[in-house]
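Engineer: Got a structure for you, written out below as structure tokens; questions coming shortly.
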Amino acid sequence: NAGVMQNPRHLVRRRGQEARLRCSPMKGHSHVYWYRQLPEEGLKFMVYLQKENIIDESGMPKERFSAEFPKEGPSILRIQQVVRGDSAAYFCASSPSDRVNYGYTFGSGTRLTVV
Amino acid sequence: QQQVKQSPQSLIVQKGGISIINCAYENTAFDYFPWYQQFPGKGPALLIAIRPDVSEKKEGRFTISFNKSAKQFSLHIMDSQPGDSATYFCAASGSSNTGKLIFGQGTTLQVKP
Chain U
11 NAGVMQNPRH
21 LVRRRGQEAR
31 LRCSPMKGHS
41 HVYWYRQLPE
51 EGLKFMVYLQ
61 KENIIDESGM
71 PKERFSAEFP
81 KEGPSILRIQ
91 QVVRGDSAAY
101 FCASSPSDRV
111 NYGYTFGSGT
121 RLTVV
Chain F
361 QQQVKQSPQS
371 LIVQKGGISI
381 INCAYENTAF
391 DYFPWYQQFP
401 GKGPALLIAI
411 RPDVSEKKEG
421 RFTISFNKSA
431 KQFSLHIMDS
441 QPGDSATYFC
451 AASGSSNTGK
461 LIFGQGTTLQ
471 VKP
């Protein structure tokens, strides 16, 4: 079991470019969650997805950010027209259900640097 | 209402000592309180968790103490070791926050040899 796979591990983008972060959940997990960790801060929930559905996007910035979890393939967090304030570590977690107390597993994250 | 407040921000403990990290919450709907351990460059990993129907849970050197009336919970690391040096996060979740964890700000623990 390879665990939750995130790629790339590190991503550098210039201001105004697009960033695409990928998350492959653990085998058998159909629930994916994205979190953002700013330097010296805790993780902040962004979005919760199931296959082909966004369940809760209450933590997503209203503009430039979008997420998807297609029927086939990894979940994608997309940030358009990146700004310096988007620099952070982005973690995804996957689970076999919507309960956090069973099998909720984090990936190693993508460190986004905007220059 | 959705916040979880964690203290201290950083902690230095001698090897063999006890590390104590505290968290407080406001939302009484929270019903699951995990602690996560994060090493540099890695994702958070579940360390231990508790539900509000018990006041204490122990797993090896790690113990969670839970005070429901005060809406506080804490992590105790007994016989702290240099390998315990990491960032620790408390978190909370409830039936109304399906799948969502609310994290504290984190505590950076350094255990000196």
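If you read the protein sequences in the order shown, they are chains U and F. Just so we're aligned, residue 11 is where the first sequence starts under our numbering, counting upward by one. Just so we're aligned, residue 361 is where the second sequence starts under our numbering, counting upward by one. Where is the CB? At the ideal position from N, CA and C, for every residue including glycine.
(1) What residue from F:Gly401, F:Ser425, F:Phe399, F:Thr388 has the CA that sits closest to isoleucine 408 of chain F's CA?
(2) Nearest-angstrom Cα distance between phenylalanine 75 of chain U and isoleucine 89 of chain U?
(3) Leaving aside the five residues before and after isoleucine 372 of chain F along the sequence, list all residues of the same chain whose C-beta is less than 6 Å from its C-beta, in chain order.
(4) I'd like to know whether the C-beta atoms of phenylalanine 463 of chain F and phenylalanine 449 of chain F end up nearer to each other than 8 Å.
(5) I'd like to check one pair, glycine 38 of chain U with proline 106 of chain U: are the Cβ atoms closer than 8 Å?
(6) Touching or not, the segment 87 to 103 of chain U and the segment 22 to 39 of chain U, by the rule of three or more beta carbon pairs under 8 Å?
(7) Under a three-way DSSP split, which group does aspartate 439 of chain F fall into?
(8) Would valine 22 of chain U be called buried (16 or more neighbouring beta carbons within 10 Å of its own) or exposed?
(9) Quick one: list the residues of chain U neighbouring threonine 458 of chain F, beta-carbon separation under 9 Å, in chain order.
(10) So the candidates are U:Ile86, U:Tyr114, U:Asp108; which of them puts its Cα closest to the Cα of proline 404 of chain F?
(11) Can you find the residues in the same chain that come closer than 8 Å, C-beta to C-beta, to valine 364 of chain F, ignoring five residues on each side of it along the sequence?
(12) If we count the other Cβ atoms within 10 Å of its Cβ and call it buried at 16 or more, is alanine 430 of chain F buried or exposed?
(13) If you run the structure through DSSP and keep just helix, strand and coil, what is glycine 454 of chain F?
(14) Can you tell which of U:Val92, U:Gln60, U:Pro71 has the C-alpha that lies nearest to the C-alpha of glutamate 78 of chain U?
(15) Is the Cβ of glutamine 432 of chain F closer than 8 Å to any Cβ of chain U?
(16) Per DSSP, what kind of secondary structure is arginine 24 of chain U in: helix, strand or coil?
(17) Listing by chain order, which chain F residues have their CB less than 7 Å from the CB of leucine 48 of chain U?
(18) Within 8 Å (strictly less), CB to CB, does tyrosine 43 of chain U reach chain F?
(19) With a threshold of 8 Å between beta carbons, is glutamine 482 of chain F in contact with chain U?
(20) Taking C-beta pairs closer than 8 Å, name the residues in chain U that leucine 435 of chain F reaches, listed in chain order.
(21) If isoleucine 354 of chain F sits next to lysine 417 of chain F, beta carbons under 8 Å apart, how far is it from one beta carbon to the other, in whole angstroms?
Structural biologist: With the given structure in hand:
(1) F:Ser425
(2) 5 Å
(3) Cβ contact annotation for isoleucine 372 of chain F (same chain, cutoff 6 Å, sequence separation greater than five): Gln470, in chain order.
(4) yes
(5) yes
(6) yes
(7) coil
(8) exposed
(9) Tyr58, Ile65, Asp66, Asp108, Arg109, Val110
(10) U:Tyr114
(11) Cys383, Ala384, Tyr385, Cys450, Ala451, Ala452, Ile462, Phe463, Gly464
(12) exposed
(13) strand
(14) U:Gln60
(15) Output row for glutamine 432 of chain F: interface = no.
(16) coil
(17) Those do not exist, as leucine 48 of chain U stays about 10 Å from chain F at its closest Cβ, beyond 7 Å.
(18) Taking CB atoms only, tyrosine 43 of chain U has a neighbour in chain F less than 8 Å away.
(19) Outside the displayed span of chain F (361 to 473) sits residue 482 of chain F, for which this structure offers no information.
(20) Here the premise fails: no neighbours, minimum Cβ distance about 14 Å.
(21) For chain F, the structure presents residues 361 to 473; residue 354 of chain F sits outside this window and is missing.
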